[in-house]
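A.B. asks: Before I ask anything, here is the structure I am working with.
Numbering (my numbering), first residue to last: 7 to 422.
Dropping the structure here:
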């Protein structure tokens, strides 16, 4: 947490007011600072300090306050602001058509929710309906949201104060910590030994902490799922929509999921919306309300998502992101040659982490490092104790990319 006396007067005042009225919780309240403006790759605090945003909660794929999206939403406000669930509207239907058109394996259908956690819950329900089973397999140390079911996927054991999670959860050793062989061994055991069978394996194809598996891992998991009658669900809430250099992160691997969950950036970094996109064969329970949300087909949120998707596809942002990844890798390699504290890059596209040498940064706390970055115009977060997140918008300019790397270099030098 950044110390209050580091903040400017206006930011400190608003952070204090915020802390007085919001329940305090890890990662959000009390707040880091207070913002008054965002635009493109930049955020600006209440005292006029500007920072390149290399975090953005992975929601700013097309940049903050994209002018085209702002204009479209203003027009939508004058046309249709709400649609009850039982009525169709143009933005929601067009969004569903455009999203399902991206599905690589035959006809698909979609359901919308107001956030990624809800979308994960919906995917779990649909998997139960399709398979007639209830058990789920997820990876230790993963994160899939804060709904009761989603949080249970993320944590093997709850805090005693939260009570028990949903039953029928199986956690397996993750590839990034124990290796792919250990993960496959655990999955085979879970599929073989779980009473009643496993409904679904849920995982991020590329972890949001920027760990990329071997090319062989997900095809083998796909094979095991097919043999066991288990569905494979990919959580692409942070990694989808082009962020890794492909429209879907799973396109980096020869493995197709039965469902993919999208969110965060889907609303263009302005409005909350998420989606479950799945094989059309799973439309088998019209009598159930799997995802009965008041704002399920909200014309404002769906217009935001539709416009965001059109910008991503029209401007070929996934391909641009793949090119920028190489620029980042080259820039970090150049820094590493003269700075032992900076080692390398992991991740894909612009879902990246700059790995740091812990020995060179011995005694430097995460809070001190993050404050040094803010002092030099860079807003980001750590990815564990050994890396910094580097997740700018896909629209970041080449010059801004250089500015970001220079800011990181100066900040790291200032603390060692």
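Yeah, the Cβ is synthetic: ideal placement off N, Cα and C, and Gly gets one too.
Taking three-plus beta-carbon pairs below 8 Å as touching, is the region 48-67 in contact with the region 396-410?
C.D. replies: The region 48-67 vs the region 396-410: in contact.
A.B. asks: Quick one: what's residue 203 bridged to in DSSP?
C.D. replies: Residue mapping note: residue 203 aligns to position 197 of the chain shown, counting from 1. DSSP output for residue 203 lists no bridge partner at all.
A.B. asks: Kindly indicate which three-state DSSP category residue 10 falls into: helix, strand or coil?
C.D. replies: As a first step, residue 10 must be located in the chain shown, where it is residue number 4. Caution applies to residue 10, whose pLDDT of 44 falls short of 50 and renders its modelled position unreliable; the value that the coordinates give is listed next. Residue 10: helix per DSSP, three-state reduction.
A.B. asks: Rounded to whole angstroms, what's the CA-CA distance from residue 13 to residue 22? Just pull it up for me.
C.D. replies: Translated into the one-based positions of the chain shown, residue 13 becomes position 7. Translated into the one-based positions of the chain shown, residue 22 becomes position 16. In a straight line, the C-alpha of residue 13 is about 11 Å away from that of residue 22.
A.B. asks: How about residue 189 and residue 178: are their beta carbons less than 7 Å apart?
C.D. replies: In the chain shown, the residue the question calls residue 189 occupies position 183. In the chain shown, the residue the question calls residue 178 occupies position 172. Taking 7 Å as the Cβ cut-off, residue 189 and residue 178 qualify as a contacting pair.
A.B. asks: Determine the burial state of residue 9: buried for a count of at least 16 other Cβ atoms within 10 Å of its Cβ, exposed for fewer.
C.D. replies: Within the chain shown, residue 9 is the residue found at index 3, counting from 1. Caution applies to residue 9, whose pLDDT of 48 falls short of 50 and renders its modelled position unreliable; the value that the coordinates give is listed next. That one is exposed.
A.B. asks: Kindly give me the distance between the Cβ atoms of residue 142 and residue 192, rounded to whole angstroms, as I take these residues to be in contact under 8 Å.
C.D. replies: The residue given as residue 142 occupies position 136 in the chain shown. The residue given as residue 192 occupies position 186 in the chain shown. The pair is not a contact, with the Cβ atoms about 14 Å apart (cut-off 8 Å).
A.B. asks: Rounded to a whole number of angstroms, what is the C-alpha to C-alpha distance between residue 319 and residue 168?
C.D. replies: Here the question's residue 319 lines up with position 313 in the chain shown. Here the question's residue 168 lines up with position 162 in the chain shown. Going from the Cα of residue 319 to the Cα of residue 168 covers about 42 Å.
A.B. asks: For residue 248, which residues of its own chain have a beta-carbon under 7 Å away from its beta-carbon, when the five flanking residues on both sides are left out?
C.D. replies: Residue 248 sits at position 242 when you count from the first residue of the chain shown. So the qualifying residues of the chain are 67, 318, 323, 324, 327, 400.
A.B. asks: Determine the direct distance from the alpha carbon of residue 27 to that of residue 88, and round the result to whole angstroms.
C.D. replies: Position 82 of the chain shown, counted from the start, is the residue given in the question as residue 88. Position 21 of the chain shown, counted from the start, is the residue given in the question as residue 27. Taking the straight line joining both Cα atoms gives about 29 Å.
A.B. asks: Does the beta-carbon of residue 405, which I'm using as the reference point, lie nearer than 6 Å to any heavy atom of the ligand PLP?
C.D. replies: As far as ligands go, the structure on display features none, and thus does not contain the ligand PLP.
A.B. asks: State the Cα-Cα distance for the pair residue 365 and residue 348, rounded to the nearest angstrom.
C.D. replies: Translated into positions along the chain shown, residue 365 becomes position 359. Translated into positions along the chain shown, residue 348 becomes position 342. Looking at the two C-alpha atoms, the distance is approximately 11 Å.
A.B. asks: Can you check the region 65-121 for any beta strand (DSSP E) of at least 3 residues that lies completely inside it and give the ranges in chain order?
C.D. replies: DSSP runs (the beta strand (DSSP E)) wholly in the region 65-121: 114-119.
A.B. asks: Could you say which of 149, 215, 196 lies nearest to residue 206 if we only look at CA atoms?
C.D. replies: By 1-based counting over the chain shown, the position of residue 206 is 200. Ranking 149, 215, 196 by Cα distance to residue 206 puts 196 first.
A.B. asks: Check residue 165 in the structure and name its three-state DSSP category.
C.D. replies: Counting from one through the chain shown, the residue named residue 165 turns up at place 159. Residue 165: coil per DSSP, three-state reduction.
A.B. asks: Excluding sequence positions up to five away, which residues of its chain have a Cβ less than 7 Å from the Cβ of residue 342?
C.D. replies: Here residue 342 corresponds to residue number 336 of the chain shown, with the count starting at 1. Result list for residue 342: 348, 349, 350, in chain order.
A.B. asks: Cβ of residue 293 within 7 Å of Cβ of residue 118?
C.D. replies: Locating residue 293 in the chain shown gives position 287, where the first residue counts as 1. Locating residue 118 in the chain shown gives position 112, where the first residue counts as 1. No, Cβ-Cβ distance for residue 293 and residue 118 is not below 7 Å.
A.B. asks: Using 7 Å as the threshold, is the C-beta distance between residue 39 and residue 51 below it?
C.D. replies: The residue labelled residue 39 in the question sits at position 33 within the chain shown. The residue labelled residue 51 in the question sits at position 45 within the chain shown. In this structure, residue 51 lies closer than 7 Å to residue 39 by Cβ.
A.B. asks: Exposed or buried, which one is residue 385 when buried takes at least 16 other CB atoms within 10 Å?
C.D. replies: By one-based count along the chain shown, residue 385 stands at place 379. Buried, by the Cβ-count rule.
A.B. asks: Count the C-beta pairs between the region 221-241 and the region 304-317 that are closer than 8 Å, then say yes if the count reaches three, no if not.
C.D. replies: Judged by Cβ distances under 8 Å, the region 221-241 makes no contact with the region 304-317, as fewer than three pairs qualify.
A.B. asks: Using a Cβ-Cβ cutoff of less than 8 Å, which residues in the same chain neighbour residue 172 once the five nearest sequence positions on both sides are dropped?
C.D. replies: To locate residue 172, count along the chain shown from 1; it is residue 166. Excluding positions up to five away in sequence, the list reads 154, 155, 158.
A.B. asks: So residue 101 and residue 308 are in contact, right, with Cβ under 8 Å, and what is the actual spacing, rounded?
C.D. replies: Here residue 101 corresponds to residue number 95 of the chain shown, with the count starting at 1. Here residue 308 corresponds to residue number 302 of the chain shown, with the count starting at 1. At roughly 5 Å, the Cβ-Cβ gap stays under 8 Å, so residue 101 and residue 308 are in contact.
A.B. asks: Where does residue 402 fall in DSSP's three states?
C.D. replies: If you number the chain shown from 1, residue 402 lands on position 396. Coil.
A.B. asks: Taking the beta strand (DSSP E) that residue 142 falls in, what are its first and last residues?
C.D. replies: As a working mapping, residue 142 is identified with position 136 in the chain shown. Element bounds for residue 142: 141-145.
A.B. asks: Cα separation between residue 114 and residue 186?
C.D. replies: Translated into positions along the chain shown, residue 114 becomes position 108. Translated into positions along the chain shown, residue 186 becomes position 180. The straight-line gap from Cα to Cα measures roughly 30 Å.
A.B. asks: Excluding the five sequence neighbours on either side, which residues of its own chain have a C-beta within less than 6 Å of the C-beta of residue 311, listed in chain order?
C.D. replies: For the purposes of this step, residue 311 is taken as the residue at position 305 of the chain shown. 101, 272, 273, 279.
A.B. asks: Mark residue 424 as exposed unless 16 or more other C-beta atoms lie within 10 angstroms of its C-beta, in which case mark it buried.
C.D. replies: The chain is shown only over 7 to 422; residue 424 falls outside these bounds and no answer can be derived.
A.B. asks: Which residues mark the beginning and the end of the beta strand (DSSP E) in which residue 353 is found?
C.D. replies: Walking along the chain shown from the start, residue 353 turns up at place 347. Segment 348-354, the beta strand (DSSP E) holding residue 353.
A.B. asks: Assuming residue 284 contacts residue 105 under a Cβ cut-off of 8 Å, what Cβ separation, rounded to an integer in Å, is found between them?
C.D. replies: Residue numbering aside, residue 284 sits at position 278 when the chain shown is read from its first letter. Residue numbering aside, residue 105 sits at position 99 when the chain shown is read from its first letter. In fact, because the Cβ distance is near 11 Å, the residues do not count as touching under 8 Å.
A.B. asks: Quick one: what's residue 208 bridged to in DSSP?
C.D. replies: In the chain shown, the residue the question calls residue 208 occupies position 202. Note: residue 208 sits in a beta bridge opposite 239.
A.B. asks: Alpha carbon to alpha carbon, how far is residue 369 from residue 261? Give it in angstroms, no decimals.
C.D. replies: Taking the chain shown and counting its residues from 1, one reaches residue 261 at position 255. Taking the chain shown and counting its residues from 1, one reaches residue 369 at position 363. Their backbone Cα atoms lie some 43 Å apart in a straight line.
A.B. asks: For residue 250, which residues does DSSP report across the bridge?
C.D. replies: Within the chain shown, numbered from 1, the residue matching residue 250 stands at position 244. Answer is none; residue 250 lacks a bridge partner.
A.B. asks: Grouping DSSP H, G and I as helix and E and B as strand, with all else coil, what is residue 397?
C.D. replies: Here residue 397 is taken as the residue at index 391 of the chain shown, counted from 1. Coil at residue 397, not helix or strand.
A.B. asks: Taking just the CA atoms, how far does residue 391 sit from residue 83?
C.D. replies: Taking the chain shown and counting its residues from 1, one reaches residue 83 at position 77. Taking the chain shown and counting its residues from 1, one reaches residue 391 at position 385. Their backbone Cα atoms lie some 44 Å apart in a straight line.
A.B. asks: In or out: residue 42 buried (at least 16 other Cβ within 10 Å) or exposed?
C.D. replies: Walking along the chain shown from the start, residue 42 turns up at place 36. By the neighbour-count rule (16 or more Cβ atoms within 10 Å), residue 42 is not buried but exposed.
A.B. asks: Looking only at C-alpha atoms, which of 215, 238, 408, 214 sits nearest to residue 225?
C.D. replies: In the chain shown, counting from the first residue as 1, residue 225 sits at position 219. Residue 225 has its Cα closest to that of 238, out of 215, 238, 408, 214.
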